[in-house]
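Using the UniProt record's numbering, you'd call the opening residue of the sequence shown number 138 and step up by one each time.
Right, one structure below, let's go through it.
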Amino acid sequence: ERKRQQEPPKKLLPRPPIVTVMGHVDHGKTTLLDYIRKTNVTAKEAGGITQHIGASVVEHNGKKIVFLDTPGHEAFTSMRARGAQVTDIVILIVAADDGVMPQTVEALNHAKAANVPIVVAINKIDKPNAKPDRVKQQLADLGLIPEEWGGDTIMVEISAKTGLNVDELLEMILLVAEMNELVADYEANPEGVVIEAQLDKGKGPVATVIVQQGTLRRGDILLFETTWGRVRAMIDHLGRNIKEVTPSLPAELLGLNDVPQAGERFVRVEDEKEARDAIDKYLEKKRQQEMQAVKRASLEELFEQMEKGEMPTVRIILKSDVQG
Ligand code: GDP
């Protein structure tokens, strides 16, 4: 109790929601992301075009929303498999002319398993054969009851193509974000998650990260799970060179020694030695695991040959293997 009183109070401040769009193929994920980016990114400020870094930041009524650019549940699940949960809200998009399809159900199950709130976008409402009520009924059968039917799932009828009601959808995202009280400590030691990374011929390893706590600054030394590096440069979603990144926001980082994997976490460390030691340990452990895997594989091969009667000397080999 006393210890708790001595700790300096954390300065928790609101942070933008991080949103992933999921849904069945062809139901309009890409079209929706394109429309939102085109109309809500403050491109004036950047004097140009949005840059692909793996996530976009849009502004609605002066509030930021971060969209992960990889729609669909593959990225979502592969990140979660590594224990990284970056998504705050899932937009489940369902085409009103097609209705709930297998990947709609899959996406719904992933979001539920991750305990991430879902906002439903019933898309292609501009089509003459759109049947939004049928979609609502199908979703209600799966346990997502629309608000207007007394449930608690927000459903917005939109057209990603014409932009109809997309503003309202963004409004609802901000509302859900507010209800979920998304906050972060902007002064904590910076940490976050890799959302994508690759090797660039000119720039070397390039990783897009999302900061989850603290403020990441150029020059910081970052320890990832499989590599480390001193941040040489940071580029935001508009291609601008930036000096710092605050929680929920994405940035492309240069200066890493190797390419990390999507879903890897990072923290800032005090000095290069700390980072180098940690990675050396990781590499040594990995080397040992690989050697054991090779040993196991060759032993299995021996057993197989023994079963076939092709390896009469296997006992001797095994004994020597154990002894030395
Ligand atoms: P994704 O596979 O979920 O990313 O779907 P896309 O965004 O690629 O959309 C699939 C097709 O549906 C494309 O031909 C889009 O132009 C079309 N589409 C997407 N949204 C709408 C919409 O609101 N209205 C209509 N009429 N077509 C749409």
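Ideal Cβ placement from N, Cα and C applies to all residues, glycine included.
Its chain contains Leu360, Trp365, Val406 as the residues whose beta carbon lies nearer than 8 Å to that of Ala415, once the 5 sequence neighbours on both sides are disregarded; these appear in chain order.
The secondary-structure analysis by DSSP pairs His197 across a beta bridge with Lys200. The stretch 366-384 and the stretch 440-447 do not touch, with fewer than 3 CB-CB distances between them shorter than 8 Å.
For Pro151, the uninterrupted beta strand (DSSP E) segment begins and ends at 149-151. The three-state secondary structure of Thr345, taken from DSSP, is strand. In the DSSP assignment, Asp171 falls outside any beta strand (DSSP E) and within the unbroken alpha helix (DSSP H) covering 166-177. Under the three-state reduction of DSSP output, Ile295 falls in the coil class, being neither helix nor strand.
A contact is defined here as three or more CB-CB pairs under 8 Å, and the stretch 284-296 meets this definition with respect to the stretch 261-268.
In this chain, the alpha helix (DSSP H) harbouring Asp270 covers 269-278. Excluding five sequence positions before and after Asp395, the CB atoms of its chain that fall closer than 7 Å to its own CB belong to Pro342, Thr363, Thr364, given in chain order. For Glu324, the secondary structure class from DSSP, reduced to helix, strand or coil, is coil. Within a 10 Å sphere around the beta-carbon of Gln426 sit fewer than 16 other beta-carbons, which makes this residue exposed.
Contact check for Asp206 and Ile155: beta-carbon distance about 12 Å, past the 8 Å limit, so the pair fails to qualify. Non-local C-beta neighbours of Asp357 in its own chain, meaning closer than 8 Å and more than five positions away in sequence, comprise Pro327, Arg367, Val368, Arg405, ordered along the chain. Fewer than three pairs of CB atoms, one per stretch, sit closer than 8 Å, so the stretch 301-310 makes no contact with the stretch 238-255.
The shortest CA-to-CA distance from Ile173 to any of Glu196, Gly191, Thr241 is the one to Glu196. Between the ligand GDP and Thr352, a heavy atom-to-CB distance of less than 8 Å is absent. Under the Cβ criterion (8 Å, minimum of three pairs), the stretch 266-284 counts as touching the stretch 230-245. Residue side-chain check: His247 keeps its Cβ at 8 Å or more from all non-hydrogen atoms of the ligand GDP. DSSP places Gln335 in the strand class (E or B) of the three-state scheme.
In this structure, the ligand GDP has a non-hydrogen atom nearer than 8 Å to the beta-carbon of Ser296. Around the beta carbon of Arg424, fewer than 16 other beta carbons sit within 10 angstroms, so the residue counts as exposed. At a cut-off of 8 Å, the beta-carbon of Asn394 does not count as near the ligand GDP: no heavy atom of the ligand is closer than that.
Residue Ala334 holds the alpha-carbon nearest to the alpha-carbon of Ala192 among Lys273, Ala334, Asp408.
DSSP lists Val348, Phe403 as the beta-bridge partner residues of Gly329.
Taking each of Gln240, Asn266, Pro283 in turn and checking the Cα distance to Val257, the smallest one comes out for Pro283.
Scanning Gly165, Thr383, Ile332 for the CA closest to the CA of Arg355 turns up Thr383. Distance check between Pro269 and each of Val431, Asp289, Gly236, Lys340 places Gly236 closest, using alpha-carbon atoms only.
Around the Cβ of Lys338, a 10 Å sphere holds fewer than 16 other Cβ atoms; the residue is exposed. With a cut-off of 8 Å, the C-beta of Val162 is classified as near the ligand GDP, since at least one heavy atom of the ligand falls inside that distance. Distance from the C-beta of Ile230 to the nearest heavy atom of the ligand GDP is below 8 Å. In the structure shown, Leu205 falls within a strand segment according to DSSP collapsed to helix, strand and coil. Around the beta-carbon of Met316, fewer than 16 other beta-carbon atoms lie within 10 Å, marking it exposed.
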